[in-house]
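> What follows is a single structure, and I will ask about it in a moment.
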Amino acid sequence: MAFFSTNESIVIKGVGAVSPAGWSAGDVVTKTLSGVALPFEELTREGCDHTCKVRRVPKPQERQAFARHPRLRRASAISRYVAAAGLQALGETRATAVREGELRLGIIVVFATGCVTYTRRFYEEMLDDPALASPILFPETVFNAPASHLAAILGSTGISYTLLGDGAEFLSGLDLAADWLCTHQCDGCLVIGGEEIDWLISEAVHLFARETILAEGAGALYLEREETPEANAVQLSQITPPLLYTNVGDKKLAPTKMRELLKIDSADERRMLLLDGLQAVGKMDKFEAAAWENWQGQRLSPRQFLGDALGASLAWQCVSAVSLLEEQYKECHSAIVSAVGLNQQSIAAQFSKSSRSS
Amino acid sequence: MSMGDGQHHRNQSGNRVVITGAGIVTSMGLGWQDNANGFREGRLAFRDITQFDTSRQRVHQAGEVALPEFLPDTQLSLRQTARMDRASSLLIHATAEALIQAGWSADDLLDEIPVALGTSAGAMVCGEEFCRRAIEQANQRRGQATRIHLYQAQHQALNLENAFGLQGPVSIISNACASGANAIGHAFRLLKYGRHQRVVAGGYDALSELVFAGFDSLQALTRTLPPRPFDANRDGLALGEGAAVLMMETLDCAKQRGADILAEIAGYGATTDIHHLAQPHPEGDAALASMNDACNEAGLNPGDIQYINSHGTGTPKNDVAEGRAIQRWAGAYTREVCVSSTKASIGHLLGGAGAVETVISLMALKGQWLPPTTTIENPDPICTFDLVREARDANLEAVLTNSFGFGGANATLILKKFL
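Laid out in structure tokens, this is it:
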């Protein structure tokens, strides 16, 4: 983010989440703090000789009001997760302001795999008989369908991007949101990461590490620009440049370089909280684990308890970072979120509490 | 990010942003000259699809690109080249042309230049193959990890970085048919507000069986090729494939190195049409807002813009909604503004459309001519503007290009002759 002046801060004004732990951000935080992993189920399909471990989002205890919107009638699970997390983060008062045209909202939705369930279903129908493939499914396969549904629910006609990337892309979404806010392209911005489980993606993930427990859901942050944030307001204080895995950028070294780019004084680490992406799968964790091996501060690994929901998991790390700085980890002044993606980039963010009083 | 040394600060007035290189690959041809010649001649570029079996589809032709067997010179390894997917190939051909035109040196490319790309389907063909094998041979996993890796959009972006030694951050915007325009608009804002001095931006999509069947399922494909945007009897769109890439930089950066400036990007609008997931608002409300936003940013009035390269898909609802938006936007100037849809010649390139049509608009501005929609027999009554049905010379100072996508993603870009 290049546009912060000394008088402007990007403040996190709301968080939201849907996860295997439940339909609220609080559920993610509680599960992250619990130290106990959620149970998983075995996903099977006919003709396939192996199963995949997954953690699904439970059915909501009661039907939420937003779910009655006509746009969601035929939408896939991922659209409902994105909408639910986004609406939580925004809150009812601001949602009303958006509907009444008083708040110019930017929407950024980030996916690694996106609307995979309807895409796979449509493709199967097409293989059977292209002339009979469902015209209802196809529009829902488009990557930006969930962002479109959320915009329609909110009556938001402003700028909206759907970004694609590996599981570290959510932080680039936050970076973009900060750009939009600092250049006044919107008054507030929702950044949402989401994923849904389908046997197709479960089997794909297992090709890289069979121990991975795939999860699903969404996480959301709502950001605004403020000149004088309230004391202890949580702000986005830095995002490292993404370190790409190219011919000249080594995936093995990227996480360590990412940590260096944060420029954290080691003496200060004890007053900081690290939310890393470790999932207790050695093959997937090794480079990130090595980068943070000597971290002296407090540390939590949400994926170990919730599962790996790719981009959504990183959103849960951010949701946890913000929530924990505000509540359970008041002694910490900052939280670091570490993201080591599978095949694109390593990137990290720092959230800090404002020291200024309003 | 804001912290640390060497950060740029917000430039309130904004940098001027220029284009110094452009590359294009469509079914019309490979490169600027082939495409410019084709559009000036009003050629149509549709052929039988060879990329997949269409025997069970209702439509069998599209704007399929005749890709050469070999890639241009790149820094890719033999293994990377051998694994190249079609979408990446399209992108690399377009980028190679744009880089040569811009004259960026190898040292320039070490400068962490960002890459902003738009795509709707990425390498869907690889995803289809993964899915087909998983269904048909559930217990055979050989090659599947590679297929899923190749499928992901970041793979095409990283192929591009590796091919040319680029090292900057990657943004992949997937806003359906507006993706390419959004990527260029995103790059424009990165430069305007001083975050970077140079950006590589563009859009691409390759033909895919799944997407083809999807549009067919919606009965959105014309069964009476060629497509006839803005014709009263239009009956749908034709799909195409291709890529276009721009080398964009701040005016200061371009001037410092004495670059040949092709045009200035002056304005960008991005709005969301919330009317329906797959249909535009009949009055074109969001399209109008997108055009107005781009004009406001450019500091131009409709009367200052001589040509619109419309989204113009050839579907009954899109063309009327866009036509209505143009009428509301242009007001008293409606009869004078020239409008065409180049999709009539090459089809709808989905995530690549916005970038390809930006380059076609750039060709028009640079060459001072208007690309036509040659397939119109009976113009729709909505066409109260100057519908360009034959290529002709024109005095162009500023041109506008519209891209509207599924999900209501609307984007408008305005290019100005560089003075």
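The listed protein sequences derive, respectively, from chains A and B. In this text, residue positions in the first sequence follow this note's numbering: the first is 63, and each later residue adds one. In this text, residue positions in the second sequence follow this note's numbering: the first is 884, and each later residue adds one. All C-beta atoms, glycine included, are put in the ideal place defined by N, C-alpha and C.
CA-CA distance, I140 of chain A and L199 of chain A?
Position 78 of the first sequence, counted from the start, is the residue given in the question as residue 140 of chain A. Position 137 of the first sequence, counted from the start, is the residue given in the question as residue 199 of chain A. Straight-line Cα distance between these residues: approximately 14 angstroms.
> Go ahead and pull the three-state DSSP assignment for A79 of chain A.
Position 17 of the first sequence, counted from the start, is the residue given in the question as residue 79 of chain A. Reduced to three states, the DSSP call for A79 of chain A is strand.
> If contact is defined by three or more beta carbon pairs under 8 angstroms, each pair taking one atom from either stretch, is the stretch 1069-1079 of chain B in contact with the stretch 1131-1141 of chain B?
Verdict: yes, contact present.
> Roughly how far, in whole angstroms, is the beta-carbon of P132 of chain A from the beta-carbon of G84 of chain A, given that I think they are within contact range, below 8 angstroms?
Against the first sequence, residue 132 of chain A aligns to sequence position 70. Against the first sequence, residue 84 of chain A aligns to sequence position 22. The pair is not a contact, with the Cβ atoms about 26 angstroms apart (cut-off 8 angstroms).
> Going by DSSP, what residue range makes up the alpha helix (DSSP H) through V171 of chain A?
The residue you call residue 171 of chain A lines up with position 109 of the first sequence. Taken as a continuous stretch (DSSP letters only), V171 of chain A belongs to no alpha helix (DSSP H), being part of the beta strand (DSSP E) at L167 to F173.
> Where does E832 of chain B sit, in a helix, a strand or coil, going by DSSP?
Any property of residue 832 of chain B remains undetermined from this structure, which presents chain B solely from 884 to 1302.
> For K1299 of chain B, count neighbouring Cβ atoms within 10 angstroms of its own Cβ and tell me buried if that reaches 16, exposed if not.
As a first step, residue 1299 of chain B must be located in the second sequence, where it is residue number 416. Under this definition K1299 of chain B is a buried residue.
> From F456 of chain A to L100 of chain A, what does the alpha carbon distance come to, in whole angstroms?
As shown, chain A starts at 63 and ends at 420. That puts residue 456 of chain A outside it, with no answer to give.
> Between R117 of chain A and the rest of its own chain, which residues show a CB-CB distance below 7 angstroms, the 5 nearest in sequence each way excluded?
On the first sequence, position 55 is the one that residue 117 of chain A refers to. Counting only Cβ-Cβ distances below 7 angstroms, and skipping sequence neighbours, we find P82, L100, F102, I275, A277, L368 and G369.
> Buried or exposed: where does Q358 of chain A fall if 16 or more other Cβ atoms within 10 Å of its Cβ makes it buried?
For the purposes of this step, residue 358 of chain A is identified with residue 296 of the first sequence, where counting begins at 1. That one is exposed.
> In the DSSP output, what is W1252 of chain B paired with across the bridge?
Start at 1 with the first residue of the second sequence, and residue 1252 of chain B comes out as number 369. Looking at the DSSP assignment, W1252 of chain B forms a beta bridge with B:D1276.
> Alpha carbon to alpha carbon, what distance is there between P201 of chain A and E1092 of chain B?
For the purposes of this step, residue 1092 of chain B is identified with residue 209 of the second sequence, where counting begins at 1. For the purposes of this step, residue 201 of chain A is identified with residue 139 of the first sequence, where counting begins at 1. Distance between the alpha carbons of E1092 of chain B and P201 of chain A: 15 angstroms.
> G906 of chain B and G1063 of chain B: beta carbons closer than 8 angstroms?
Counted from its first residue, the second sequence places residue 906 of chain B at position 23. Counted from its first residue, the second sequence places residue 1063 of chain B at position 180. Not in contact: G906 of chain B and G1063 of chain B (Cβ atoms no closer than 8 angstroms).
> Can you find a CB in chain B that lies within less than 8 angstroms of the CB of V119 of chain A?
Here residue 119 of chain A is taken as the residue at index 57 of the first sequence, counted from 1. By this cut-off, V119 of chain A is not an interface position.
> Taking only beta-carbon atoms, is I1297 of chain B less than 8 angstroms away from chain A?
The sequence position of residue 1297 of chain B within the second sequence is 414, counting from 1. No, because no Cβ of chain A sits closer than 8 angstroms to the Cβ of I1297 of chain B.
> With a CB to CB cut of under 6 angstroms and the five nearest residues on each side skipped, what residues in its chain are close to H1194 of chain B?
Along the second sequence, read from residue 1 onward, the residue named residue 1194 of chain B stands at position 311. E1205, N1285, S1286 and F1287, listed in sequence order.
> Three or more C-beta pairs under 8 angstroms: does that hold for the stretch 1065-1075 of chain B against the stretch 940-956 of chain B?
They do not touch, by the three-pair rule.
> Do the CB positions of E388 of chain A and V296 of chain A come within less than 8 angstroms of each other?
Taking the first sequence and counting its residues from 1, the one referred to as residue 388 of chain A is at position 326. Taking the first sequence and counting its residues from 1, the one referred to as residue 296 of chain A is at position 234. A contact, by the Cβ cut-off of 8 angstroms.
> Does H1032 of chain B get closer than 8 angstroms to chain A when you measure Cβ to Cβ?
Here residue 1032 of chain B refers to the residue found at position 149 of the second sequence. Closer than 8 angstroms to some Cβ of chain A, the Cβ of H1032 of chain B qualifies, so yes.
> Put M334 of chain A into one of helix, strand or coil per three-state DSSP.
The sequence position of residue 334 of chain A within the first sequence is 272, counting from 1. Reduced to three states, the DSSP call for M334 of chain A is strand.
> According to DSSP, is T224 of chain A part of a helix, a strand, or is it coil?
As a position in the first sequence, residue 224 of chain A is number 162, starting the count at 1. Here T224 of chain A sits in strand by DSSP.
> Per the DSSP calculation, S375 of chain A is bridged to which residue(s)?
For the purposes of this step, residue 375 of chain A is identified with residue 313 of the first sequence, where counting begins at 1. None, per the DSSP bridge assignment.
> Give me, in chain order, the residues of the same chain whose beta-carbon lies closer than 6 angstroms to that of T1258 of chain B; leave out the 5 immediate sequence neighbours on both sides.
As a working mapping, residue 1258 of chain B is identified with position 375 in the second sequence. Cβ neighbours of T1258 of chain B beyond the five flanking positions: P1109, R1111 and A1227.
> Taking DSSP as the reference, what is the three-state secondary structure of V73 of chain A?
Taking the first residue of the first sequence as 1, we reach residue 73 of chain A at position 11. Strand at V73 of chain A.
> Since K345 of chain A sits in a beta bridge, which residues does DSSP pair it with?
The count along the first sequence starts at 1 and reaches residue 345 of chain A at position 283. K345 of chain A is not bridged to any residue.
> Can you give the Cα-Cα distance for Y180 of chain A and P197 of chain A, rounded to whole angstroms?
Counted from its first residue, the first sequence places residue 180 of chain A at position 118. Counted from its first residue, the first sequence places residue 197 of chain A at position 135. Cα to Cα, the separation comes out at about 11 angstroms.
> Could you name the residues of the stretch 1073-1091 of chain B whose beta carbon sits closer than 9 angstroms to any beta carbon of chain D, in the order they occur along the chain?
The chain labelled as chain D is not found among the protein chains of the depicted structure, namely A and B.
> Would DSSP call V296 of chain A helix, strand or coil?
Mapped onto the first sequence, residue 296 of chain A falls at position 234. V296 of chain A falls in the strand class under three-state DSSP.
> Residues of the stretch 374-403 of chain A in Cβ contact with chain B at a cutoff of 8 angstroms, in chain order, please.
Cβ contacts with chain B: none found.
> Are there 16 or more other CB atoms within 10 angstroms of the CB of P304 of chain A, so buried, or fewer, so exposed?
Position 242 of the first sequence holds residue 304 of chain A. Classification of P304 of chain A: buried, given that the 10 Å Cβ count is 16 or more.
> DSSP three-state label for R1140 of chain B, please.
Counting from one through the second sequence, the residue named residue 1140 of chain B turns up at place 257. Three-state DSSP puts R1140 of chain B in coil, outside helix and strand.
> When the cut-off is 8 angstroms and only beta carbons count, does P304 of chain A lie next to chain B?
The sequence position of residue 304 of chain A within the first sequence is 242, counting from 1. Chain B, which has a Cβ nearer than 8 angstroms to the Cβ of P304 of chain A, makes this yes.
> Is DSSP giving Y185 of chain A helix, strand or coil here?
Indexing the first sequence from 1 puts residue 185 of chain A at position 123. In this structure, Y185 of chain A counts as helix in the three-state DSSP scheme.
> Please report the distance separating the alpha-carbon of A282 of chain A from that of G1197 of chain B.
As a first step, residue 282 of chain A is located in the first sequence; it is residue number 220 there, counting from the start. As a first step, residue 1197 of chain B is located in the second sequence; it is residue number 314 there, counting from the start. For A282 of chain A and G1197 of chain B, the distance between alpha carbons rounds to 38 angstroms.
> In whole angstroms, give me the CA-to-CA distance for D237 of chain A and T155 of chain A.
As a working note, residue 237 of chain A is residue 175 in the first sequence. As a working note, residue 155 of chain A is residue 93 in the first sequence. About 25 angstroms.
> Is there contact between the stretch 242-256 of chain A and the stretch 336-351 of chain A, where contact requires at least three CB pairs shorter than 8 angstroms?
Too few Cβ pairs lie closer than 8 angstroms, so no.
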